[in-house]
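Encoded as structure tokens, the structure appears first; notes follow it.
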Amino acid sequence: MDICPGCRKPFASSKAVSGHRRYCAKYAELPATVLRARRHDLELLEKTQAAADLARRTAAELNGPEDIQGMEVDAPEIEEELPQYRASGLPARRSRLPRRYRDETPPIPLPVVQATDVHLDPLPETLNSDVFQTEPNKYGIYREYYGSIPSYTPDEITSLGDLCNSPAFLHEDMLSYSSLTLPVHNQPNFFAPFPNPTTYRLMNWFSSISNLKSLGELNRLVNDVFLADDFDREDLHGFSATREAARIDSHRDDTSPIFSADDGWIASSVPIYVPAKGFRHASEKEAPVFNVDGLQYRKIVEVVKSAFQEPSAAQFHLSPFREFWTPSESEPTERLYSEIYSSEAMVEEHQKINSQPRNCDLETFVIPILLWSDSTHLTSFGTASLWPTYLFIGNLSKYIRGKPTSFSAHHIAYIPKVTPLISRLELIN
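First residue of the sequence shown: 0, per numbering that gives the first Met the number 0; consecutive thereafter.
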């Protein structure tokens, strides 16, 4: 039995249906896409009916030539489901991004489970020790540790919030360690220079995290500002954001200076030998000495100690490793270079330190230090600037270290500019 897709009228043969379609008004009104969809449905219906007829014939052969009219036979289910269609008649399709545009979260490295003696390159003489290898992840990447198994890997606690810098991707459970701040509610006048805690919390929310506000930021506004115990709506009468922002710019705290000795800052001066116009000196030591005052610096050892006391220190890789990639069983293994703690120099230095005799059981490791200095412009319209020197810890991943919101840059010095000081000295003389 054939059915017209337009008017759904049954016919005895396909030839009769073809003749009927020439004069069927409903069939002529159907778009081509709807026709294809209905033909597909009819074909599926025919398959179901054919399966049911086959089941009846099989039952008749097994039960004998009895009358099987009216016998209820469970037709086998057709695996293919009836497709869904939109109002336009087009099939409803699920949109997916092409593979090249999909972002995949890096897999967590598997724990160290076995020792191995297989290496891509022969180990240096300084690395003649036990080698521990992780199982390859789904990309075929594995690591080799030397000497001992690491107590933990920071990748196990790394979330997407640690690797991206977009507030639209972040949730409350994805905040990184560097985003956590110590509570200050127990300190007297913690809201200074603002007149009350309400204004402090509101301005702190406005100036933190990102200029692009998201749903997570809105939740933080409600939970950290509006629902705070010391929030008082009466304090917001006459509130002016411009006035409060200017209050921050003009604030000077004499009791807690910017370069406080309690924070490890040391004030010093640097003597330099300057040339004298019209004079020739036999040596540099005979030239006039000019003392450059205003140098502020911190000791590197103290800065490193402070860095390891911060919550973000949980993400430091203390055990270096060599990383390898095996694309497939038929392709050779390749060495991967990505971070400081996976470099050959770091691995060799780590092994060299651990091979020295020691009288304690404390863990020893290498701390790579990265220094950076550049002039910083302080204003959009003006000449005010600073020349800071920053220190970065190389045990932290470059993806986290490169985020401004990770606060991984430690200030160790502020260098005064010499040119304005010399120009001022020439005017005095």
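From the three backbone atoms N, C-alpha and C, an ideal C-beta is built for every residue, glycine too.
The model shown is predicted, which means the values in this text are computed figures rather than measured ones.
- Across the structure, ASN394 and PHE320 are spaced so that their CA atoms are roughly 12 angstroms apart.
- Cβ contact annotation for VAL273 (same chain, cutoff 6 angstroms, sequence separation greater than five): PRO287, PHE289, in chain order.
- The alpha carbon of SER327 has as its nearest neighbour, out of VAL269, PRO367, SER311, TYR138, the alpha carbon of TYR138.
- Within the segment 291-330, the complete alpha helix (DSSP H) segments of 4 residues or longer fall at 299-306, listed in chain order.
- With fewer than 16 neighbouring CB atoms inside 10 Å of its own CB, GLU333 falls in the exposed class.
- DSSP, read as helix, strand or coil, puts SER206 in helix.
- DSSP places VAL288 in the strand class (E or B) of the three-state scheme.
- Comparing alpha-carbon positions, the option among HIS349, ASN203, MET345, HIS280 lying closest to SER147 turns out to be HIS349.
- Rounded to whole angstroms, ASP154 and GLU322 show a C-alpha spacing of 14 angstroms.
- In the three-state DSSP reduction, GLU338 falls in the coil class, being neither helix nor strand.
- Ranked by how close their Cα comes to the Cα of GLU285, the residues ALA50, ALA275, LEU226 have ALA275 in first place.
- The segment 398-413 makes contact with the segment 299-312; the number of CB pairs closer than 8 angstroms reaches 3 or more.
- Counted as a single uninterrupted DSSP element, the alpha helix (DSSP H) harbouring LEU214 occupies residues 214-220.
- If you draw a straight line from the Cα of LYS416 to the Cα of SER407, it is about 25 angstroms long.
- Contact between SER268 and LEU294 holds: CB atoms are separated by about 6 angstroms, below the 8 angstroms threshold.
- Closest in alpha carbon position to THR404, among ARG20, PRO9, SER206, is SER206.
- Collapsing the DSSP output to three states places ALA275 in coil.
- Note on geometry: alpha-carbon atoms of MET202 and ALA227 lie some 14 angstroms from one another.
- Between PRO196 and ARG246, the gap from beta carbon to beta carbon reaches 8 angstroms or more.
- Judged by beta-carbon spacing, PHE131 lies within the 8 angstroms limit of TYR144, meaning their Cβ atoms are closer than that value.
- For the pair TRP386 and GLU330, the Cα-to-Cα distance works out to about 50 angstroms.
- Taken through DSSP and simplified to helix, strand or coil, ARG232 comes out as helix.
- The beta carbons of VAL224 and ARG200 sit closer together than 8 angstroms.
- Judged by beta-carbon spacing, GLU338 lies within the 8 angstroms limit of SER396, meaning their Cβ atoms are closer than that value.
- Note that the C-beta distance between SER372 and THR388 is below 8 angstroms.
- Checking the DSSP bridge columns, you'll see TYR144 partnered with PHE131.
- Comparing alpha carbon positions, the residue from ARG219, LYS298, ARG279, HIS236 closest to ILE265 is LYS298.
- Straight across, the Cα-Cα distance linking LEU43 with ALA49 is about 10 angstroms.
- For THR363, same chain residues with a beta-carbon under 8 angstroms away, outside a window of 5 residues either side, are ILE352, ASN353, ARG357 in chain order.
- Pairing ALA244 with GLY401, the inter-Cα distance amounts to about 28 angstroms.
- Between the C-alpha atoms of ILE368 and PHE315 there is a straight-line separation of about 13 angstroms.
- The beta-bridge partner set that DSSP reports for PHE391 consists of LEU369.
- Going by DSSP, ALA408 is part of no beta strand (DSSP E) at all; its letter is neither H nor E.
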